[in-house]
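The opening residue of the sequence shown carries number 50 in the working numbering; numbering runs sequentially from there.
Using N, Cα and C, we set each Cβ at its ideal position, and we do this for glycine too.
Everything numeric in this text was worked out from a predicted model, so none of it was measured.
The structure appears right after this line, and notes come after that.
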Amino acid sequence: SPSDRGPMSTVAAFDRLPESEAARMLGACCGATRWVDGMLARRPFGDIRTLLAAADEVWSEMGPIDWREAFEHHPRLGESRSAEPQDDRERTWSSGEQAGMRDAASSVRSALAAANAAYEKRFGYICIICATGLGAAEILTLTEERLANEPEDELTIAAEEQRKITRLRLLKLFHEPDKAVAS
Numbered sequence: 050s051p052s053d054r055g056p057m058s059t060v061a062a063f064d065r066l067p068e069s070e071a072a073r074m075l076g077a078c079c080g081a082t083r084w085v086d087g088m089l090a091r092r093p094f095g096d097i098r099t100l101l102a103a104a105d106e107v108w109s110e111m112g113p114i115d116w117r118e119a120f121e122h123h124p125r126l127g128e129s130r131s132a133e134p135q136d137d138r139e140r141t142w143s144s145g146e147q148a149g150m151r152d153a154a155s156s157v158r159s160a161l162a163a164a165n166a167a168y169e170k171r172f173g174y175i176c177i178i179c180a181t182g183l184g185a186a187e188i189l190t191l192t193e194e195r196l197a198n199e200p201e202d203e204l205t206i207a208a209e210e211q212r213k214i215t216r217l218r219l220l221k222l223f224h225e226p227d228k229a230v231a232s
């Protein structure tokens, strides 16, 4: 199937996919069921800009239950397994997004594990950071800083980080250069 052959060549090709295959591909970008359904309802997109605008619009209609569902599809920062099963594409993306953790000192890894545990205890879900391009020390600092946030503020911050991750994954899905349409 096209989803097993790497990135889609065009949004137009994606628009023509059977709904089940399109849903699987969108689910790899964001694990919130209502987001996937909202995106499917807006097909066809025609081009990447329209698709990205729709992704942001649909995400803006989501709420805390949807956000938490999406978070469950990510591994903890510094780890490789998520609460929900990931397909090969999601695992590859998660690994790449956390590339800054690969060479982290064991002391940083231990500190991040402790920060993750404190974060989950305080907020009830894993810390979501759009970690692309960040080093291990930066990820640790951001996690520790966010522990001071009020729960309702933190959930909104985490949801925005999820929106950024989804956008980057959509760009990867369609092999678009991040700098061209990212934001």
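Quick check: what's the CA-CA separation for residue i versus residue j?
{"i": "Leu189", "j": "Ile177", "result": "12 Å"}
{"i": "Glu194", "j": "Ile175", "result": "15 Å"}
{"i": "Gln211", "j": "Ala72", "result": "18 Å"}
{"i": "Arg179", "j": "Glu121", "result": "One point to set straight first is that residue 179 is Cys, not Arg, in the sequence displayed. Near 15 Å, if we compare the C-alpha coordinates of Glu121 and Cys179."}
{"i": "Ser109", "j": "Arg158", "result": "33 Å"}
{"i": "Ala207", "j": "Ala167", "result": "15 Å"}
{"i": "Ala102", "j": "Leu220", "result": "12 Å"}
{"i": "Arg91", "j": "Arg117", "result": "23 Å"}
{"i": "Glu201", "j": "Gly173", "result": "12 Å"}
{"i": "Pro196", "j": "Ala81", "result": "Checking the sequence, you will find Leu at residue 196 rather than Pro. C-alpha separation (whole angstroms): 24 Å."}
{"i": "Trp84", "j": "Leu222", "result": "16 Å"}
{"i": "Leu89", "j": "Val107", "result": "10 Å"}
{"i": "Asp105", "j": "Thr181", "result": "19 Å"}
{"i": "Arg171", "j": "Ala163", "result": "12 Å"}
{"i": "Pro67", "j": "Ser156", "result": "47 Å"}
Using the beta-carbon count (16 or more within 10 Å), is residue i buried or exposed?
{"i": "Arg65", "result": "exposed"}
{"i": "Val60", "result": "buried"}
{"i": "Thr192", "result": "buried"}
{"i": "Ile114", "result": "exposed"}
{"i": "Gly112", "result": "exposed"}
{"i": "Glu203", "result": "buried"}
{"i": "Gly76", "result": "buried"}
{"i": "Gly87", "result": "buried"}
Write down the C-beta distance between residue i and residue j rounded to the nearest angstrom, noting that I regard them as a contact closer than 8 Å.
{"i": "Leu161", "j": "Leu183", "result": "With 8 Å as the limit, Leu161 and Leu183 do not qualify as a contact, their Cβ atoms being about 12 Å apart."}
So, at 6 Å on beta carbons, what are the nonlocal neighbours of residue i in its own chain, with the 5 sequence-adjacent residues on each side left out?
{"i": "Ala119", "result": "Cys79, Gly80, Ala81 and Gln211"}
{"i": "Glu213", "result": "According to the sequence shown, residue 213 is Lys rather than Glu. If we look at Lys213 and ignore the five residues flanking it on each side, its Cβ neighbours are Cys179."}
CB-CB under 8 Å to residue i, same chain, minus the five flanking residues each way: which ones, in chain order?
{"i": "Thr99", "result": "Val60"}
{"i": "Ala154", "result": "Ala185"}
{"i": "Asn198", "result": "Ile206"}
{"i": "Leu95", "result": "Here residue 95 turns out to be Gly, not Leu, going by the sequence shown. Closer than 8 Å at the Cβ level, and outside the excluded window around Gly95, lie Val60, Ala61 and Asp64."}
Skipping 5 residues on each side, what residues in its chain have a beta carbon closer than 7 Å to that of residue i?
{"i": "Pro93", "result": "Asp64"}
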